[in-house]
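Here's the structure we're looking at; comments come further down.
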Amino acid sequence: MSKAEERSSLLSNCIYKNPNETIESRVKDLLSRMTLKEKLGQMTQIERTVASPFVLENLSIGSILNGGGSVPMEQASPSDWADMIDSFQTCALKSRLQIPIVYGTDAVHGHNNVYGATIFPHNVGLGATRDADLVQRIGAATALEIRATGVHYTFAPCVAVCRDPRWGRCYESFSEDTEIVRKMTSIVSGLQGVPPEGHPRGYPFVAGRKNVIACAKHFVGDGGTDRGINEGNAILPFNELENIHIAPYLDCLSQGVSTVMVSYSSWNGSKLHSDKFLLTDILKDKLGFKGFVISDWEGIDRLSQPHGSDFRYCISSSIKAGMDMVMVPYRYDQFLDDFIYLVESGDIPMTRIDDAVERILRVKFVAGLFEHPFADRSLLDMVGCERHRELAREAVRKSLVLLKNGTDPKKPFLPLDKNARKILVAGRHADDLGYQCGGWTITWHGGGGKVTIGIFKDGVCWHYLSTTILDAIKATVGDKTDVIYEQYPSATTLADRDISFAIVVVGEDAYAEYLGDNSELKIPFNGTELIEFVAEQVPTLAILISGRPLVLEPALLEKIDAFVAAWLPGSEGEGIADVLFGDYDFEGLLPVTWFKIVNQLPMNAGGPSYDPLFPLGFGLRCNMDSEPTN
Ligand code: GLC
Numbered sequence: 001m002s003k004a005e006e007r008s009s010l011l012s013n014c015i016y017k018n019p020n021e022t023i024e025s026r027v028k029d030l031l032s033r034m035t036l037k038e039k040l041g042q043m044t045q046i047e048r049t050v051a052s053p054f055v056l057e058n059l060s061i062g063s064i065l066n067g068g069g070s071v072p073m074e075q076a077s078p079s080d081w082a083d084m085i086d087s088f089q090t091c092a093l094k095s096r097l098q099i100p101i102v103y104g105t106d107a108v109h110g111h112n113n114v115y116g117a118t119i120f121p122h123n124v125g126l127g128a129t130r131d132a133d134l135v136q137r138i139g140a141a142t143a144l145e146i147r148a149t150g151v152h153y154t155f156a157p158c159v160a161v162c163r164d165p166r167w168g169r170c171y172e173s174f175s176e177d178t179e180i181v182r183k184m185t186s187i188v189s190g191l192q193g194v195p196p197e198g199h200p201r202g203y204p205f206v207a208g209r210k211n212v213i214a215c216a217k218h219f220v221g222d223g224g225t226d227r228g229i230n231e232g233n234a235i236l237p238f239n240e241l242e243n244i245h246i247a248p249y250l251d252c253l254s255q256g257v258s259t260v261m262v263s264y265s266s267w268n269g270s271k272l273h274s275d276k277f278l279l280t281d282i283l284k285d286k287l288g289f290k291g292f293v294i295s296d297w298e299g300i301d302r303l304s305q306p307h308g309s310d311f312r313y314c315i316s317s318s319i320k321a322g323m324d325m326v327m328v329p330y331r332y333d334q335f336l337d338d339f340i341y342l343v344e345s346g347d348i349p350m351t352r353i354d355d356a357v358e359r360i361l362r363v364k365f366v367a368g369l370f371e372h373p374f375a376d377r378s379l380l381d382m383v384g385c386e387r388h389r390e391l392a393r394e395a396v397r398k399s400l401v402l403l404k405n406g407t408d409p410k411k412p413f414l415p416l417d418k419n420a421r422k423i424l425v426a427g428r429h430a431d432d433l434g435y436q437c438g439g440w441t442i443t444w445h446g447g448g449g450k451v452t453i454g455i456f457k458d459g460v461c462w463h464y465l466s467t468t469i470l471d472a473i474k475a476t477v478g479d480k481t482d483v484i485y486e487q488y489p490s491a492t493t494l495a496d497r498d499i500s501f502a503i504v505v506v507g508e509d510a511y512a513e514y515l516g517d518n519s520e521l522k523i524p525f526n527g528t529e530l531i532e533f534v535a536e537q538v539p540t541l542a543i544l545i546s547g548r549p550l551v552l553e554p555a556l557l558e559k560i561d562a563f564v565a566a567w568l569p570g571s572e573g574e575g576i577a578d579v580l581f582g583d584y585d586f587e588g589l590l591p592v593t594w595f596k597i598v599n600q601l602p603m604n605a606g607g608p609s610y611d612p613l614f615p616l617g618f619g620l621r622c623n624m625d626s627e628p629t630n
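Per full-length UniProt numbering, the very first residue in the sequence shown carries number 1; after that it's consecutive.
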């Protein structure tokens, strides 16, 4: 018998290897067998580009992630992903105790790093739906596409309560309103599965191989930073922090969320990554969280300036505050060297290490990784499948918010006529899948152009659908209707009296995190001027593709006939045409306050001097007998 076979047969009789044993007895047994190095290895998350066979076989690394846009290869297929992750897992299972790695990714609006995956509306659009059941179904569909590629873990949902749209991550937040965010946390039980009645709050839960480990982020107060500055400082008393920003975590814990990611930001000047009161006294002790707490990307490095200069201090202060796993993600060797020094010197107590490793092992056992460490290849066709695209299309429909519909209630501008003689479509966002999807799509910050494709398989063949708004309009109108597209229509075009109406689609560039911090919030690419230019000549519907409210000049609103906020709808543009042309009515309600001018910010419903252009909860219907709703 070879050494490996001998070891394997020895281990096969261990309690931790026996799926019939209780989770807690398996955790206890495995922990008792681990060396200090193996324990610290489990607390280490590294990026896929540094995950070599030697590192995985010898350092007992707990987790691997891919950063936004870090992919096996350009346009990698689902099976390419599964092959990559299974190869990591094969190496990890050669380690002494054969502890599987957990592979994590940012699947934050579908499995958005994967080419051809279904891209759902970003959270701000889902908040506009107010539909917890829809969002739970999106979680379940996303989990299937994630597991189809061999990934076990997503750094989602973001349950930030964005209190200022100047924040670059506003679109990752479901709403400025805590109760709406709390409702949308239903995505957790979509991603992980619904825990049984009586499941203990705070204990991790993952139903099975079609579910994933979820991550409520970023704990806590990331959406409440002063002036919306990303990674900034949330200045407010604890009771407000608790009522506004901590509250959604209660719902995540009740659904058995398995991990919580810490915010880069600070609370009253205290950096969350080293805040023991919030990470341990509140999240773990008071709220009873039993999963693991993970840092953000190089989050501990930000505890010392210049960036990560005093790494031992960074490690010591974050781990002692309650951090369980560190998203290093590259300099794992220095991390482990400094970490073991800090434990062996007595700076970090062994009890803290054991608590962290217990939590990590608990999540791995709960997720069934010891029994099913490899990809389930039978799920491969789930990625971008038609059923998920239909779900995404439903989400797009329900996310659209109608802010203006004509000036005379008896003569609404929408729904549009499918059999109009000629329709002019204008604006660069009308035919740009990348802008429609926004940040966190294929790459970290996303970008314009054909960044992915809409594909689905019926029977044996794959259909490749480009699903921009323009394509959706063309696919919806009657065959006698002439649709013309000019990004910037000429005066000659606008003089064409055959044009029944124009649809002008403008909006933001794609962005992520600090790249999106913006104190002016104007419609980019001369969007306002374009709308006004067209609206002066032709009856006009304006559609805004953005992660947040932007400045709408009074003159603009005056000139246009109708206005729709479409947020960042994702890959299924058809959902927009479904509503514009009356196959479905509008349902969306503003998830955020629409300010008049940026000098009013921050301005939230229920707060002082609330004087919005459109209030939180506003949304019109096409159906004549339904009143505007607030
Ligand atoms: C980023 C984000 C976080 C993400 C992580 C891994 O910086 O703050 O939301 O999950 O790094 O990509």
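Just so it is clear, CB atoms sit at the ideal spot from N, CA and C, and this is done for glycine as well.
Nearest neighbour of residue i, chosen from the options [CA to CA]
i    : options               : result
H122 : N604, H111, K276      : H111
Q537 : E572, L236, T492      : T492
I442 : A82, T105, M34        : T105
I61  : G67, D296, T35        : T35
L278 : S318, F88, E298, S309 : S318
L361 : A4, L97, S79          : L97
D29  : T44, R331, N13        : N13
I560 : S25, G582, G527, G607 : G527
F581 : I531, K39, A420       : A420
S546 : A510, P554, S87, S571 : A510
G299 : K450, A430, I315      : I315
E176 : Q436, E38, S70, G221  : G221
I138 : L391, D611, A76, M43  : L391
Y435 : S378, A512, R497      : A512
K276 : I235, A321, L253      : A321
Residue i burial status per 10 Å Cβ neighbour count (16 or more: buried)
i    : result
I597 : exposed
N604 : buried
R130 : buried
F54  : exposed
F595 : buried
K286 : exposed
N211 : buried
R147 : buried
E371 : exposed
S274 : buried
E529 : exposed
D578 : buried
R548 : buried
D301 : buried
D133 : exposed
E558 : exposed
H152 : buried
N518 : buried
Cutoff 7 Å; reference residue i; Cβ partners in own chain excluding five residues on either side
i    : result
F311 : Q334, D338
A117 : G110, H111, E145, V383, G384
E358 : V27, L31
L616 : E176, D177, L590, V592, T593, A605
S500 : D417, A420, R421, K422, I423
Cutoff 6 Å; reference residue i; Cβ partners in own chain excluding five residues on either side
i    : result
I543 : V505, V564, A566
T452 : Y115, I442
Y514 : G168, N230
I523 : V506, L550
E172 : N123, C158
N66  : R48, T105
S562 : The sequence given here has Ala at residue 562, not Ser. Correct list, in chain order: K404, N405, F413, L414, L541.
L59  : G41
L283 : F289
D431 : T468, L470
Residue i beta carbon near ligand 2 (any heavy atom closer than 7 Å)
i   : result
E24 : With respect to ligand 2, the structure shown offers nothing to examine, as its ligands consist of ligand 1.
Same chain, Cβ closer than 8 Å to residue i, neighbours up to 5 away in sequence not counted
i    : result
P329 : Q45, I46, E47, V50, L65, G67, W297, E298
Considering only heavy atoms of ligand 1, list every residue whose Cβ is less than 7 Å from one of them, following chain order. By the rule of a C-beta closer than 7 Å to any heavy atom of ligand 1, the residues picked out are L65, G67, G68, D106, F155, C158, K217, H218, M261, Y264, D296, W297, M327, E513.
How about the segment 82–94 and the segment 137–144: do they share at least three Cβ pairs that are nearer than 8 Å? With contact defined as three or more Cβ pairs closer than 8 Å, the segment 82–94 and the segment 137–144 are not in contact.
So, does the segment 253–271 touch the segment 199–215, judging by three or more C-beta pairs under 8 Å? Counting Cβ pairs under 8 Å, three or more are found: they touch.
Is there contact between the segment 586–601 and the segment 391–402, where contact requires at least three CB pairs shorter than 8 Å? Contact holds: three or more Cβ-Cβ distances are below 8 Å.
Three CB pairs or more closer than 8 Å across the segment 233–253 and the segment 178–187: Short answer: they touch.
Could you tell me whether the segment 214–225 touches the segment 262–274, where touching means 3 or more Cβ pairs closer than 8 Å? These segments touch.
Three or more beta-carbon pairs under 8 Å between the segment 414–425 and the segment 474–485, yes or no? Contact between the segment 414–425 and the segment 474–485 is present, because at least three Cβ pairs lie under 8 Å.
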